[in-house]
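Residue numbers (the working numbering): 11 to 92.
First up is the structure itself, then whatever we jot down about it.
This is the structure:
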């Protein structure tokens, strides 16, 4: 995750991404990861997650009023106000 944000930070300077949006998405991503750290560790231990290349596709993400959800996740794990 850190690598993605490091690589995309120049998009703010280039005017491709609004700085507020970039920092908000980064903050929410870090919070989400921290909140679910125990879940991730459990899933790695039980080989549900492996270190491979994967893509989050646009059709897996949808927006609801004042919240975002990633399909396939529990609502309590994916409801973060934008």
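Idealized CB from N, CA, C, for every residue including glycine.
Within the same chain, and ignoring the five residues on either side of residue 43 in sequence, the residues whose Cβ sits closer than 7 Å to its Cβ are 11. A straight line joining the alpha-carbon of residue 27 with that of residue 21 spans about 6 Å. Taking residue 19 as the centre and dropping the five residues before and after it, the same chain places the C-beta of 32 closer than 8 Å to its C-beta, in chain order. In the DSSP assignment, no residue is bridged to residue 27.
Apart from sequence neighbours up to five positions away, no residue of its chain approaches residue 17 with a beta-carbon distance below 7 Å.
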